[in-house]
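Residue numbers (the UniProt record's numbering): 1 to 247.
As structure tokens, then:
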């Protein structure tokens, strides 16, 4: 089973090398690594060029943002399974993809997800919070639950049959995709109780009140689009679930 990993990057010279090296360090033998750069001008491309031997396909060109670039990268993959590793993030150990592949083979499922550690941006040894997930039950999506999406691996066939990331949901395109796959289409996904990704704080939907407010609007739009009852209530529960990640 070939696993394709997609990394999208734009002006992230500080962290892209650790991301690439964490993929290169994996002990799984059948890996395809696709890196899509959005036309970086800060030296990111030079760092990537140093590690081309670890990369199956690399392109650098303008795009319409993160999710447009992810769709582009996913379209280039040929693996049976696809995972996204953002340029800020990295795999915590060399056996991640081996365990993910074993989970797919054992359960014959369409998706695998695990846990995520949120780390301080410039001091990765400083753990800020933990996203500990649980076994998937469709009804939980009506109560604000979602799998830890940075840890999500999916069968590539799903992107072909159900579509990729919609550009209509701003920074919440990942949430809309999860609702579309898990809630509307009831895919079979399995929880692997292990930290699969170390994720640096400071993502697109984090930060200022304006960004948080805009993300809430997109979340509501996604919930309404997939006809999940009481979207305001679900949105509130989704935000409250984050509080538990700090303890």
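The beta carbon of each residue, even a glycine, is placed where N, CA and C say it ideally should be. Keep in mind it's a predicted model, so treat the numbers as computed, not measured.
Coarse secondary structure for residue i, derived from DSSP in three states
i, result
"residue 165", "coil"
"residue 234", "helix"
"residue 258", "The displayed coordinates of the chain run from 1 to 247. Any statement about residue 258 would go beyond what the structure contains."
"residue 228", "coil"
"residue 55", "coil"
"residue 132", "coil"
"residue 191", "strand"
"residue 79", "coil"
"residue 41", "coil"
"residue 198", "strand"
"residue 143", "helix"
"residue 126", "coil"
"residue 205", "For residue 205, the predicted model reports a pLDDT of 48, less than 50, meaning its position is unreliable; a value from the coordinates is still stated below. Note: residue 205 maps to coil in three-state DSSP."
"residue 95", "coil"
8 Å Cβ shell around residue i - same chain, five flanking residues per side excluded
i, result
"residue 249", "Given that the chain is displayed from residue 1 to residue 247, the structure contains no residue 249 and the question cannot be resolved."
"residue 2", "30, 31, 32, 78, 79, 80, 81"
CB contact check: residue i to chain B, cutoff 8 Å
i, result
"residue 66", "The chain inventory of the structure shown lacks chain B, comprising one protein chain alone."
Beta carbon of residue i nearer than 8 Å to that of residue j
i, j, result
"residue 121", "residue 202", "yes"
"residue 36", "residue 16", "no"
"residue 156", "residue 60", "no"
"residue 169", "residue 222", "yes"
"residue 264", "residue 215", "Because the chain in this structure spans residues 1 to 247, residue 264 falls outside the shown range and cannot be described."
"residue 32", "residue 98", "no"
"residue 167", "residue 241", "no"
"residue 146", "residue 165", "no"
"residue 198", "residue 117", "yes"
"residue 73", "residue 8", "yes"
"residue 95", "residue 69", "no"
"residue 28", "residue 101", "yes"
"residue 195", "residue 92", "yes"
"residue 125", "residue 148", "no"
"residue 103", "residue 158", "no"
Contact set for residue i: own chain, Cβ-Cβ below 6 Å, skip 5 residues either direction
i, result
"residue 188", "109, 110"
"residue 51", "20"
"residue 49", "none"
Sequence-distant residues of its chain with Cβ nearer than 7 Å to residue i (five each side left out)
i, result
"residue 13", "42, 43, 44, 47"
"residue 54", "20, 23, 24, 33"
"residue 57", "34, 76"
"residue 107", "190"
Inset, instruction - Count the CB pairs spanning the stretch 179-194 and the stretch 136-144 that are closer than 8 Å, and state whether there are at least three. - result: Short answer: they touch.
Inset, instruction - Examine the Cβ distances between the stretch 98-116 and the stretch 151-160 and report whether three or more of them are shorter than 8 Å. - result: Flag = yes, the stretch 98-116 and the stretch 151-160 touch.
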